[in-house]
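Asker: Heads up: take any position in the sequence shown, counting from 1, add 9, and you land on the working numbering. Think of the CB as a built atom: it goes at the ideal place given N, C-alpha and C, for glycine as much as any other residue.
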Amino acid sequence: MRADAKARARAEALRTEIARHRKRYYVDNDPEIADGEYDALEQELLKLESAYPELATSDSPSLRVGGEPAEGIDQFSHTIPMLSLDNAYSGDELREWEKRLIKRLGDSSPSYFVEPKVDGLSIAVHYRDGVLAIGATRGDGETGEDVTANVRTIRSIPLRLTRNIDHLEARGEVFFPRSAFEELNRRRGRTGEALFANPRNAAAGTLRLLDSKITAARRLDCVFYQMAQYDGVMPETHSAGLEILRELGLSTNPLNRSGLDLSEVLEYLDELAEKKAGLDYEIDGVVVKVDDLSHREHAGSTSKFPRWAVAYKYPAEQATTTVLRISVQVGRTGVLTPVAELAPVSLAGSTVSRATLHNQDEIDRKDIRAGDTVWVEKAGEIIPQVIKVNRDCRPKGTRKFTMPDRCPACGSPVVREEEEVAHRCTGQLICPAQRKQALLHYVSRKGMDVQGLGEALVDQLIESGMVRDVADLYSLSQEQLSGLPRMGETSAGNVLDQLEVSRSLSLHRLLFALGVRHVGERAAKVLASAIGSMTALAEAEVGTLEELDEIGPKTAAEVVLFFSREENRDLIARLAAAGVDPVEQVAATAASGSPFAGKTVVITGSLPGRTRHEARDLVESLGGRVSGSVSGKTDFVVAGEAAGSKRVKAEQLGITIISAEEFEAMIATTGGSGNT
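Set out below in structure tokens:
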């Protein structure tokens, strides 16, 4: 039976009424009706849609309750990177930040926008034709996870904007209100489930659930802090952009303030410090931003942080507890790290029972001993650390800690090299702790990206004797994997599929994944681009490597040392036999006349269809070098949409500027695909 005119008219009237009340509640903070009345309106619309499915729309309340569980989470590339923020921990550090900013801007009195730094999970939401189309997590800033189904269940995020916009990207923070978090933990306690440590962890886990019905039941919330992309006339200030978001139905924080100078910012910090304990959400500081968007363009960004914003962090909460013992962990490169095992103590929203002590010198400096009463805090409210010892409470008979002379994992000798603070196990591949960490590093996202091969499975593979090193991964069978606890046929097949994909990844990914000391992502790319193959790298001399841009003497020496060891040469040979022997594209492409070969390129602004990270990888695969700043050594600048100060500087220096369209045309001449 199809809906008659009366049912259609009532459904439309209900949608209009629900949208109006949703905005008054979540955006204007001025509700007209009680929660029960609002729920009754939604229920009436849901009943109409159930009776007449053709009445359901893209902003139906039925999307708020979640759908069928998903099979997995897809990746999502941010066209404009979601940068993290640099931190300041005092008024003096804020003043120093402002001095650097003013020097760059040439403006003695920038106007600031401030907002509470809600302790949650950053997301980007995209609206197409006014309807919520994508919700994605920040991830590493370049690539996040598509969590659209879960984002749709968050009632403070509108499914449809108050007016049609071709495309809008807004960024915000998803969080657990304290009241909702406490209620969730009460329910879990009653059913015997493990309690969440803090609201932030609970929010992050909830947003990534495959079953959106569970997410819907947990009542996450969201406030928006940035209009990133907008198919309209861009405002001149950040605060005006947030006002547009509010007009479109997106909630912002009512504690935001604009038009402040630094002295007023400092007053705001004190004001919020007094209020924050009474808020229904946790904050870990205050974000201070330049309000004027043209000033932001001139200030620019580093590779990690915008220069026009800083996160002020309130002094960390401290607690006292007892050091029960000092244990030693062994890392991927054999570094021994002492760890204080603590009597559990509540600190900054979670229970702390361990804290890194870094190295022997740090322990000696603070004179930390087993049995001591210590003050602990969370560095940046994340990593627990021991601040100092209360020597007045020290028991008699305590003994100074010294690092073991034998590895606690394998019994191999421990050495400390000159001019280094670290103690290292010399066991290398015979050390199970190093093997485990090496395997985890190899399969990590920035390494060979073998999804599904986590710590628990790696432990099982090592303990069962199936895997001793990374080359053994490629000889695993479906039968072996599916026979392990909690590994069925489907999971085993997925891991084997991921391993198969990893055989064809690029040389720089493999080089990084092998964990050569001092070789990070950037150094791996430089080495792969310049040398071209594992065989050539194995024969390279220190002097040759030192001549490469960005490769220092320590890195060069470690690369040569790595390939000089017989066990590593054997590992590389076994990987090659398993089909993992990539040759960097540059060896062939540069020789065939790539326009990027030997050139220094700067990429600025957003590029249609590619993230800047993807564009950088592509240029490097075609023989070019990508720099983060414009200088006299720059050959050309690729300028996408909203290109800022880098384009201006390129014009001043007379450097060739290439549009996004010209960039794509140059790539097309090489046959470059951008696969990494």
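1. Assuming contact is defined by CB atoms lying nearer than 8 Å, are residue 121 and residue 270 in contact in what I supplied?
2. Does DSSP put residue 2 in a helix, a strand or coil?
3. So, are the CB atoms of residue 209 and residue 289 less than 8 Å apart?
4. Given that a residue counts as buried once 16 or more other Cβ atoms are within 10 Å of its Cβ, and exposed if not, what is residue 159?
5. Can you check which of these residues, 17, 18, 46 and 118, is closest to residue 31 by C-alpha distance?
6. First and last residue of the beta strand (DSSP E) that includes residue 266?
7. So, do the stretch 446 to 456 and the stretch 511 to 526 have three or more beta carbon pairs nearer to each other than 8 Å?
8. Enumerate in chain order the residues of its own chain whose CB-to-CB distance from residue 239 is below 6 Å, with the five nearest sequence positions on each side excluded.
9. Specify whether the stretch 85 to 98 and the stretch 614 to 621 touch according to this definition: at least 3 beta carbon pairs, one from each stretch, less than 8 Å apart.
10. Whose CA, out of 190, 142, 405 and 63, lies closest to the CA of residue 226?
11. Quick check on DSSP: helix, strand or coil for residue 462?
12. I need the DSSP call for residue 87, collapsed to helix, strand or coil.
13. Drop a sphere of 10 angstroms on the beta-carbon of residue 615, count the other beta-carbons inside from all chains shown, and report buried for 16 or more, exposed for fewer.
14. Which of the three DSSP states is assigned to residue 642 in this structure?
15. I'd like to know whether the C-beta atoms of residue 64 and residue 17 end up nearer to each other than 8 Å.
16. Name the DSSP bridge partner or partners of residue 350?
17. Report back the beta-carbon spacing between residue 557 and residue 535 to the nearest angstrom; my notes put them in contact at under 8 Å.
18. Quick one: measure Cβ to Cβ for residue 216 and residue 205, integer angstroms, because I've assumed they're closer than 8 Å.
19. Using a 10 Å radius around the Cβ and a threshold of 16 neighbouring Cβ atoms, would you call residue 392 buried or exposed?
20. Using 8 Å as the threshold, is the C-beta distance between residue 632 and residue 605 below it?
21. Ignoring anything shorter than 3 residues or poking outside the stretch 81 to 166, list the beta strand (DSSP E) runs there in chain order.
22. Determine the extent of the beta strand (DSSP E) in which residue 182 is found, giving its start and end residues.
23. If I measure Cβ to Cβ from residue 175 and keep anything under 8 Å in the same chain, skipping five residues before and after, which residues do I get?
24. For residue 422, which beta-bridge partners are listed by DSSP?
25. Pairs of beta-carbons, one from the stretch 578 to 588 and one from the stretch 474 to 481, closer than 8 Å: are there three or more?
26. Take residue 494 as the anchor and find which of 472, 484, 202 and 592 has the nearest alpha-carbon.
27. Can you tell me where the beta strand (DSSP E) with residue 294 in it begins and where it stops?
28. Should residue 591 be labelled buried (16 or more other beta-carbon atoms within 10 Å of its own) or exposed?
29. Excluding the five sequence neighbours on either side, which residues of its own chain have a C-beta within less than 6 Å of the C-beta of residue 305, listed in chain order?
30. Only counting the same chain, and skipping five residues up and downstream in sequence, which positions put a Cβ closer than 7 Å to that of residue 218?
31. Grab me the residues of residue 314's own chain with a C-beta within less than 8 Å of its C-beta, minus the 5 sequence neighbours each way, in chain order.
32. DSSP on residue 323, reduced to helix/strand/coil?
33. Among 436, 168 and 497, whose alpha-carbon lies nearest the alpha-carbon of residue 417?
34. Buried or exposed for residue 617, going by 16 or more other Cβ atoms inside 10 Å?
35. Leaving out five residues before and five after residue 461 in sequence, what residues of the same chain have Cβ atoms less than 8 Å from its Cβ?
36. Ends of the beta strand (DSSP E) at residue 687?
Answerer: Well, looking at it:
1. In this structure, residue 270 lies closer than 8 Å to residue 121 by Cβ.
2. The displayed coordinates of the chain run from 10 to 685. Any statement about residue 2 would go beyond what the structure contains.
3. The Cβ atoms of residue 209 and residue 289 lie no closer than 8 Å to each other.
4. Buried, because 16 or more other Cβ atoms sit within 10 Å of the Cβ of residue 159.
5. That would be 46, whose Cα lies nearest to the Cα of residue 31.
6. Start and end: 266 to 269.
7. Yes: at least three Cβ pairs fall under 8 Å.
8. Cβ neighbours of residue 239 within its own chain (closer than 6 Å, five residues either side excluded): 177.
9. Counting Cβ pairs under 8 Å, three or more are found: they touch.
10. Comparing Cα-Cα distances from residue 226 to each of 190, 142, 405 and 63, the minimum goes to 190.
11. In the three-state reduction of the DSSP assignment, residue 462 falls in the coil class, being assigned neither a helical nor a strand state.
12. Coil at residue 87, not helix or strand.
13. By the 10 Å Cβ count, residue 615 comes out buried.
14. Three-state DSSP puts residue 642 in coil, outside helix and strand.
15. In this structure, residue 64 lies near residue 17, with their beta-carbon atoms less than 8 Å apart.
16. Per DSSP, 334 and 363.
17. With 8 Å as the limit, residue 557 and residue 535 qualify as a contact, their Cβ atoms being about 6 Å apart.
18. Their Cβ separation, rounded to whole angstroms, is 13 Å, which puts residue 216 and residue 205 out of contact at 8 Å.
19. Under this definition residue 392 is an exposed residue.
20. Going by beta carbons, residue 632 and residue 605 fall inside the 8 Å limit.
21. Here the runs fully enclosed are 84 to 86, 121 to 127, 130 to 137, 140 to 146 and 152 to 154.
22. Unbroken beta strand (DSSP E) run through residue 182: 176 to 184.
23. When the five nearest sequence neighbours on each side are left out, the beta carbons in the same chain lying within less than 8 Å of the beta carbon of residue 175 are those of 137, 138 and 240, in order along the chain.
24. According to DSSP, which records beta bridges pairwise, residue 422 is partnered with 415.
25. In short, these stretches touch, since the Cβ pair count reaches three.
26. If you compare the alpha carbons of 472, 484, 202 and 592 with that of residue 494, the shortest gap goes to 472.
27. Counted as a single uninterrupted DSSP element, the beta strand (DSSP E) harbouring residue 294 occupies residues 292 to 299.
28. Counting C-beta atoms within 10 angstroms of its own C-beta, residue 591 has 16 or more neighbours from the protein chains shown and is therefore classed as buried.
29. Result list for residue 305: 299 and 317, in chain order.
30. Excluding residues within five positions, the ones whose Cβ falls inside 7 Å are 159 and 224.
31. The residues 92, 93, 94 and 95, in chain order, have a CB closer than 8 Å to that of residue 314 in the same chain once the five nearest residues on each side in sequence are set aside.
32. Residue 323: coil per DSSP, three-state reduction.
33. Of the candidates 436, 168 and 497, the residue whose Cα lies closest to the Cα of residue 417 is 436.
34. Flag for residue 617 reads exposed.
35. Counting only Cβ-Cβ distances below 8 Å, and skipping sequence neighbours, we find 500, 503, 504 and 507.
36. The structure shown does not extend to residue 687, since the chain spans only 10 to 685, so no value can be given for it.
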